[in-house]
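Asks: Under the working numbering, the first residue of the sequence shown carries the number 1, and numbering increases by one thereafter. Sharing a structure with you now.
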Amino acid sequence: MRESPSGGAPEASAPQELAALLRGSGLTVSVAESMTGGMIGTMITGQPGSSLYFVGGVIAYSNDLKREELGVAAELLESVGAVSPEVAEAMAQGVRSRLGTNLAVAVTGIAGPAADGTTKPVGLTYIAVASEGRVVSREFRFEGDRTVIRHRASTAALRMLIAEARSVARAGLKTA
């Protein structure tokens with residue numbers, strides 16, 4: 001827990017907040033990570049009871065693995081590149097389908113220190129969250145060194161996952 005910015009009661013960290021939301025919800029989660037290299041999965045599984053909702057993940061650092069394990073189309077990777085909203089969305093949909101979860105989050109980006117031959121800047125990150133019949137992606141521009149960028153991307157991914165889990169839970173409650 002960390003102190004609330006307003007000085008009130010402590011607020012939960014993103015992994016704690018996700019755990020509190022998903023424990024007992026019946027919802028399941030999977031992750032597809034590229035630049036974060038397993039950090040999101042580590043943050044999720046660091047919480048007691050995560051086995052109730054976390055199914056697993058795929059660390060797809062290479063484009064070959066994005067194609068083979070997540071079903072990202074080769075044509076998509078060639079036309080827009082691995083660091084794009086379209087690829088983040090395809091990764092999220094692919095891991096959700098492959099692991100059979102209610103929700104999935106995917107991250108692709110450039111953590112630095114160099115941009116590895118692309119014209120895209122260090123810190124550029126795309127995060128996508130997929131649920132039944134819906135996928136949402138966002139672009140982020142994180143600053144800092146490689147470690148800071150990866151941590152910020154992981155936290156942002158969890159925050160997006162929390163928002164989607166809340167939306168799915170509300171929709172489920174309304175239709176029940």
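For every residue, glycine included, the Cβ atom is placed at its ideal position computed from N, Cα and C.
1) Taking the continuous beta strand (DSSP E) assigned at residue 134, which residues delimit it?
2) Can you tell me whether residue 131 is buried or exposed, with buried defined as 16 or more other CB within 10 angstroms of its CB?
3) What residues match up with residue 128 in a beta bridge as DSSP calls it?
4) Based on Cα-Cα distance, which residue from 17, 161, 43 lies nearest to residue 101?
5) Considering only their Cβ atoms, is the gap separating residue 123 from residue 150 smaller than 8 angstroms?
6) Identify the continuous alpha helix (DSSP H) that holds residue 41 and give its terminal residues.
7) Locate the beta strand (DSSP E) running through residue 32, then write down its first and last residues.
8) Nearest-angstrom Cα distance between residue 70 and residue 90?
9) For residue 59, which beta-bridge partners are listed by DSSP?
10) Near residue 143, what residues of its chain come up, given a Cβ to Cβ distance below 6 angstroms and the 5 sequence neighbours on each side ignored?
11) Apart from the five residues just before and just after residue 19, which ones in its own chain have a Cβ nearer than 7 angstroms to its Cβ?
12) If you draw a straight line from the alpha carbon of residue 62 to that of residue 26, how long is it in whole angstroms?
13) Could you say which of 55, 34, 83, 104 lies nearest to residue 118 if we only look at CA atoms?
14) Tell me which same chain residues have a C-beta within less than 8 angstroms of the C-beta of residue 167, skipping the five on either side of it?
15) When we look at the beta-carbon of residue 113 and count the other beta-carbons within 10 Å, is it buried (16 or more) or exposed?
16) Skipping 5 residues on each side, what residues in its chain have a beta carbon closer than 8 angstroms to that of residue 182?
17) Count the other CB atoms, across all protein chains shown, that sit within 10 Å of the CB of residue 15; report buried if there are 16 or more and exposed otherwise.
Replies: The structure says:
1) 134-141
2) buried
3) 106, 137
4) 161
5) no
6) 39-45
7) 29-33
8) 8 angstroms
9) 33
10) 123
11) 47, 49, 50
12) 32 angstroms
13) 83
14) 131
15) exposed
16) In the structure as shown, the chain begins at 1 and stops at 176. Residue 182 is therefore absent and cannot be evaluated.
17) buried
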